[in-house]
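J.: Chains as they are written, first to last, in the numbering used here: chain A, 817 to 925; chain B, 817 to 925; chain C, 817 to 925; chain D, 817 to 925. Note that CB positions come from ideal geometry on N, CA and C, so glycine has one too. The structure presented is a predicted model; accordingly, all values stated were derived computationally and were not measured. Below is a structure I'd like to ask you about.
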């Protein structure tokens with residue numbers, strides 16, 4: 817049974833294929849597009865204080881949600897193009913982080 | 817039954833809580849960190865040709881996988897902090913994109 | 817006699833002061849804004865081939881020039897806020913680069 | 817008489833030419849590298865409060881100065897490659913900004 821992620825990945829493949837956009841979707845270009853979308857996400861927060869960023873109104877929150885989706889869609893496409901499983905990669909990195917930042921030595925740091 | 821994503825999100829919450837890092841994880845800061853990780857990902861591709869980026873060797877591919885994981889982990893934390901469901905947001909954005917870029921009018925463009 | 821750069825820096829100070837924007841111009845925020853503008857600049861190139869990026873038409877070139885200006889204006893403000901002289905910093909870094917990348921050992925690499 | 821900026825630009829041309837790096841310096845690639853360096857600059861500030869970013873110690877300030885130089889060097893090269901005069905572009909954009917943000921209507925906003 818396909819998971820939500822697997823269905824998203826397949827739909828993104830179909831979306832690009834039907835538009836003949838695969839030619840533009842080199843990993844180099846997808847990584848650029850991902851970085852640009854991450855900056856558009858950051859733009860919403862650049863002049864806010866941290867406290868303001870913790871209490872967004874519903875309208876701003878919806879806008880930010882759209883930018884988060886843009887980042888996610890490019891991340892999925894880039895990972896798919898490189899044959900990388902997002903969940904596996906995330907799990908591996910969390911193990912690395914747990915060793916790199918032992919809880920008892922990095923408390924509040 | 818919790819999905820892989822839900823388990824990842826919970827584990828990220830626990831990871832931050834046990835280290836008392838929630839104080840640093842304002843959406844403003846998480847959006848910055850996400851953007852920085854996206855650039856570290858892009859760095860691997862900046863001097864490659866597009867063709868080279870399509871045929872990474874196994875070592876480079878593993879490094880890129882680690883950067884992809886970093887982006888994903890911050891994206892999950894930012895979305896969680898804002899109460900945004902990544903899958904729902906992605907689905908909504910794909911519907912918008914389908915209307916914005918009709919297949920018959922954007923073929924190969 | 818003030819140089820072009822010194823005059824620009826002074827005008828940027830006046831621009832911010834008269835609008836009472838200094839409160840927003842923490843180095844943290846200026847670094848975010850700089851990063852966002854750099855991404856807006858990159859956005860113009862993300863789907864172009866390298867060859868296309870080397871032969872921009874006049875309209876695209878003008879748009880890119882505006883983004884380059886945005887990056888420069890934030891860079892000037894951030895450097896000014898931190899008391900860093902851009903020309904001196906650039907000169908120092910070029911010396912470092914010359915040692916790090918000896919011409920005879922990095923030819924074409 | 818050549819200005820500081822003109823000398824920097826010429827030295828950057830020589831630096832790239834003697835290493836045969838011009839082949840890598842497409843505007844697309846330079847814009848990527850600029851964006852990556854801007855993120856490395858941002859990285860120094862991502863977990864700092866705004867107040868902390870306003871009072872960097874000398875060591876951190878020196879590190880930030882090096883990142884600022886990296887951004888500046890790529891900006892100079894990209895502008896040079898596109899035949900754009902940084903000072904002129906900055907002046908033009910400041911005029912646009914002055915009209916877009918009238919001082920009496922944007923005070924403290």
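For a test of the three-state rule: what should DSSP assign to residue 865 (chain D), helix, strand or coil?
T.: coil
J.: Under three-state DSSP, which class holds residue 830 (chain A)?
T.: helix
J.: Anyone know if the C-beta pair for residue 761 (chain A) and residue 913 (chain B) falls short of 8 Å?
T.: In the structure displayed, chain A extends from 817 to 925; residue 761 (chain A) sits before or after that span and is not available.
J.: Hey, is the region 853–862 of chain B in contact with the region 872–889 of chain B, meaning 3+ C-beta pairs nearer than 8 Å?
T.: yes
J.: Within 10 angstroms of its Cβ, does residue 871 (chain C) collect 16 or more other Cβ (buried), or is it exposed?
T.: exposed
J.: Starting from the C-beta of residue 869 (chain B), find all residues in its chain whose C-beta is less than 7 Å away, skip the five residues before and the five after it, and write them out in chain order.
T.: 861
J.: Nearest chain D C-beta to residue 858 (chain B) closer than 8 Å, yes or no?
T.: yes
J.: In angstroms with no decimal places, state the Cα-to-Cα distance between residue 915 (chain C) and residue 899 (chain B).
T.: Between residue 915 (chain C) and residue 899 (chain B), the C-alpha separation is close to 49 Å.
J.: Could you tell me which uninterrupted alpha helix (DSSP H) segments, each at least 4 residues in length, are contained entirely in the region 859–917 of chain D, listed from first to last along the chain?
T.: 866–869, 874–897, 902–916
J.: Helix or strand or just coil, what does DSSP make of residue 921 (chain A)?
T.: coil
J.: Can you list, in chain order, the residues of its chain with a C-beta nearer than 6 Å to that of residue 893 (chain A)? Leave out the 5 residues immediately preceding and following it.
T.: Excluding residues within five positions, the ones whose Cβ falls inside 6 Å are 828, 846.
J.: Between the region 859–890 of chain A and chain C, which residues of the former have CB atoms less than 8 Å from a CB of the latter, in chain order?
T.: Hits within the stretch, in order: 859, 861, 862, 863.
J.: Go through its chain and collect everything with a Cβ distance to residue 889 (chain C)'s Cβ below 7 Å, but skip five positions before and after it.
T.: 828
J.: Can you give me the C-alpha to C-alpha distance between residue 907 (chain B) and residue 824 (chain A), rounded to a whole angstrom?
T.: 8 Å
J.: Output needed for residue 821 (chain A): all residues of its chain with C-beta closer than 8 Å, excluding positions within five of it in sequence on either side, in chain order.
T.: 892, 902, 903
J.: Go ahead and pull the three-state DSSP assignment for residue 848 (chain D).
T.: Helix at residue 848 (chain D).
J.: Which same chain residues, not among the five before or five after residue 897 (chain A), have their C-beta less than 6 Å away from its C-beta?
T.: Here the set comprises 843.
J.: Taking the alpha-carbon positions, what's the residue 838 (chain B) to residue 864 (chain A) distance?
T.: 18 Å
J.: Counting contacts by CB-CB distance shorter than 8 Å, is residue 831 (chain D) in contact with chain B?
T.: Under the 8 Å criterion on CB atoms, residue 831 (chain D) is classed as non-interfacial with respect to chain B.
J.: Using a cut-off of 7 Å between C-beta atoms, extract the partners of residue 848 (chain C) located in chain B.
T.: The contacting residues are 848.
J.: Closest Cβ-Cβ distance between residue 842 (chain D) and chain A: below 8 Å?
T.: Not one chain A Cβ lies under 8 Å of residue 842 (chain D).
J.: Counting C-beta neighbours from all protein chains within 10 Å, is the total for residue 905 (chain D) 16 or more, i.e. buried, or is it exposed?
T.: buried
J.: In whole angstroms, give me the CA-to-CA distance for residue 887 (chain A) and residue 819 (chain D).
T.: 42 Å
J.: Count the other C-beta atoms from every protein chain shown that fall within 10 angstroms of the C-beta of residue 921 (chain C), then say buried if there are 16 or more, exposed otherwise.
T.: exposed
J.: Expressed to the nearest angstrom, what Euclidean distance is found between the alpha-carbon atoms of residue 895 (chain C) and residue 911 (chain B)?
T.: Rounded to the nearest angstrom, the two C-alpha atoms are 43 Å apart.
J.: Report buried or exposed for residue 875 (chain D), applying the criterion of at least 16 other Cβ atoms within 10 angstroms of its Cβ.
T.: exposed
J.: Anyone know if the C-beta pair for residue 836 (chain C) and residue 924 (chain D) falls short of 8 Å?
T.: yes
J.: Between the region 892–907 of chain C and chain D, which residues of the former have CB atoms less than 7 Å from a CB of the latter, in chain order?
T.: 894, 895, 898, 900, 902, 903, 905, 906
J.: At 7 Å on the CB atoms, spell out the chain C contacts of residue 834 (chain D), in chain order.
T.: 919
J.: Determine, using beta carbons only, whether residue 909 (chain B) comes closer than 8 Å to chain A.
T.: yes
J.: Look at residue 851 (chain B) and residue 855 (chain A) and say whether their C-beta atoms are less than 8 Å apart.
T.: yes
J.: Could you say which of D:917, D:918, D:879 lies nearest to residue 853 (chain D) if we only look at CA atoms?
T.: D:879
J.: Can you grab the Cα-Cα spacing for the pair residue 834 (chain A) / residue 918 (chain B), in whole Å?
T.: 10 Å
J.: What does a CB cutoff of less than 8 Å around residue 841 (chain C) pick up in its chain, not counting 5 residues either side in sequence?
T.: 832, 893, 897
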